[in-house]
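In this note's numbering, the protein residues as written are 539 to 939.
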């Protein structure tokens with residue numbers, strides 16, 4: 539007779555099973571080149587300094603000891619990179635660990651979290667696992683975020699507001715003035731700003747941390763630094779917040795090799811800046827070609843673009859047969875027949891465009907409708923003069939076609 543399982547907590551029963559479809563590219567094509575453009579990871583490997591540092595460490599050391607749970611060396615590097623005080627930084631094994639630590643520090647069954655929507659649902663997943671109620675600030679136009687709508691969802695039970703900035707999947711951003719307005723209004727609420735795409739857009743709220751103890755900024759090495767396989771993420775916030783977050787976060791530190799890799803990546807910031815420049819070159823290539831094919835598209839401030847097609851399911855399937863994997867956004871309300879495609883180096887972009895060109899007859903939603911060619915908008919994002927600032931040339935605003 540089959541025995542019953544131990545009863546799990548009711549709020550865990552309500553959680554959706556994790557989506558694994560974005561991992562299919564890793565297993566569906568054996569021994570052949572693929573373009574994995576479905577999760578906004580870098581399309582090239584990390585800096586040669588990273589591989590050399592890992593090789594050197596493995597030849598000189600062993601892995602029989604635990605890593606530095608405080609990641610002291612890495613935090614010093616991040617402090618120089620971000621301009622944020624060393625004591626206001628904590629490192630985690632990945633973005634999921636960061637989000638879980640925040641959720642379990644601030645949320646429980648009687649509290650609520652407001653999430654700017656549409657959004658990646660990872661933080662909502664961990665908030666729900668802590669028993670909190672998820673309140674979605676869902677915009678009538680997903681490409682026009684409104685801080686007033688977020689504020690209207692805040693009440694006495696709200697403990698955290700989560701904002702992806704730039705957003706995933708939309709690529710849109712709230713301005714610094716809007717974030718300041720939110721921070722000032724909700725002084726008793728932690729405003730968690732996800733800056734996973736900071737290196738591509740140059741937009742950051744980190745400079746506001748000394749003024750607003752209710753602000754926390756989270757970032758990752760898995761995008762522009764090309765370290766998704768040895769992921770490290772970090773949080774920037776008032777050191778008083780970290781005294782509590784670290785009660786959980788201390789147990790979620792990055793592994794030894796991940797710390798070595800992230801440390802070396804920060805030693806070669808020019809490599810990352812060069813990759814960002816290549817992504818921006820690809821954005822121009824896309825903008826020069828997609829209108830002629832008749833596609834409705836949106837090039838974002840991150841490292842991805844959105845494409846509206848006639849049949850997203852069929853496009854995803856067809857491209858996967860050519861070993862190009864993209865993300866179907868139809869699961870989001872208002873994004874029916876939208877796909878999201880990671881932007882990589884120009885050679886990868888040409889490969890994608892060649893296939894999209896062949897499929898335009900059946901997939902391009904604007905085929906046959908004339909649309910004048912618009913000027914591509916690209917400029918440097920201004921930042922305060924400081925020797926600690928790393929500047930990247932980026933698109934601050936999305937380009938729509």
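All residues carry an ideal CB built from backbone N, CA and C; glycine is no exception.
These figures come from a predicted structure and were not determined experimentally.
Where residue i and residue j are concerned, what is the direct C-alpha to C-alpha distance, given to the nearest angstrom?
i           : j           : result
residue 606 : residue 630 : 11 angstroms
residue 642 : residue 822 : 42 angstroms
residue 698 : residue 650 : 7 angstroms
residue 667 : residue 700 : 16 angstroms
residue 916 : residue 693 : At residue 916, the pLDDT of 29 sits below 50, so the modelled position is not reliable and the matter cannot be decided from this model.
residue 571 : residue 586 : 21 angstroms
residue 680 : residue 614 : 38 angstroms
residue 866 : residue 599 : 43 angstroms
residue 659 : residue 573 : 24 angstroms
residue 669 : residue 869 : 24 angstroms
residue 911 : residue 834 : Confidence at residue 911 is low in this model, with a pLDDT of 37, below 50, so the placement of that residue should be treated as unreliable; the coordinate-derived value is given next. Rounded to the nearest angstrom, the two C-alpha atoms are 13 angstroms apart.
residue 695 : residue 648 : 7 angstroms
residue 548 : residue 705 : 31 angstroms
residue 933 : residue 545 : At residue 933 the pLDDT is 36, less than 50, meaning the model places this residue with poor confidence and gives no usable figure here.
residue 734 : residue 597 : 32 angstroms
residue 709 : residue 879 : 12 angstroms
residue 725 : residue 623 : 22 angstroms
residue 739 : residue 671 : 31 angstroms
residue 805 : residue 763 : 11 angstroms
residue 783 : residue 857 : 42 angstroms
residue 550 : residue 817 : 40 angstroms
How far does the beta strand (DSSP E) with residue i in it extend, from its first residue to its last?
i           : result
residue 826 : Premise fails: residue 826 lies in the alpha helix (DSSP H), 807 to 831, not in any beta strand (DSSP E).
residue 754 : 753 to 758
residue 837 : 834 to 837
residue 773 : 771 to 775
residue 854 : No beta strand (DSSP E) contains residue 854, which is instead part of the alpha helix (DSSP H) from 850 to 859.
residue 546 : Premise fails: residue 546 is in no beta strand (DSSP E) and is neither H nor E.
residue 876 : 876 to 880
My output table needs one value for residue i: the three-state DSSP class, helix, strand or coil.
i           : result
residue 650 : strand
residue 628 : strand
residue 675 : strand
residue 940 : Because the chain here runs from 539 to 939, residue 940 falls outside it and cannot be looked at.
residue 728 : strand
residue 870 : coil
residue 573 : strand
residue 862 : strand
residue 710 : coil
residue 640 : helix
residue 589 : helix
residue 581 : coil
residue 763 : coil
So residue i and residue j are supposed to be a Cβ contact under 8 angstroms. How far apart are they, rounded?
i           : j           : result
residue 790 : residue 635 : 4 angstroms
residue 836 : residue 844 : 4 angstroms
residue 771 : residue 756 : 6 angstroms
residue 744 : residue 620 : 6 angstroms
residue 618 : residue 798 : So it is not a contact: roughly 17 angstroms between Cβ atoms.
residue 803 : residue 584 : 6 angstroms
Return the residue from the list the options that minimises the CA-CA distance to residue i.
i           : options            : result
residue 874 : 541, 848, 862      : 848
residue 746 : 715, 764, 695, 772 : 715
residue 897 : 854, 870, 839      : 854
residue 722 : 832, 706, 753, 644 : 753
residue 685 : 610, 718, 660, 696 : 718
residue 707 : 888, 687, 682, 763 : 682
residue 677 : 726, 654, 662      : 654
residue 827 : 863, 852, 895      : 895
residue 900 : 872, 690, 609, 846 : 846
residue 860 : 892, 690, 604      : 892
residue 887 : 628, 580, 593      : 580
residue 612 : 705, 795, 729      : 795
residue 633 : 852, 623, 663      : 663
residue 773 : 741, 858, 640      : 640
residue 736 : 840, 545, 584, 862 : 840
residue 883 : 544, 819, 788, 689 : 819
residue 742 : 800, 712, 766, 728 : 712
residue 503 : 805, 720, 626, 785 : This structure cannot settle anything about residue 503, because the visible part of the chain is limited to 539 through 939.
residue 656 : 638, 644, 675      : 675
residue 749 : 775, 766, 768, 764 : 775
residue 940 : 787, 852, 876, 768 : Within the shown structure, residues of the chain are numbered from 539 to 939, placing residue 940 beyond reach of any answer.
residue 644 : 809, 780, 609      : 780
How would you write the range of the alpha helix (DSSP H) that residue i sits in, first residue to last?
i           : result
residue 687 : 685 to 690
residue 845 : Looking at the DSSP string, residue 845 is not in any alpha helix (DSSP H); the run it does join, the beta strand (DSSP E), is 842 to 846.
residue 696 : From DSSP, residue 696 is part of no alpha helix (DSSP H) but of the beta strand (DSSP E) over 696 to 702.
residue 664 : 660 to 667
residue 890 : 884 to 901
residue 620 : 610 to 620
residue 737 : 736 to 739
Please check if any C-beta of chain D sits within less than 8 angstroms of the C-beta of residue i.
i           : result
residue 848 : This model lacks chain D altogether, as it is built from one protein chain only.
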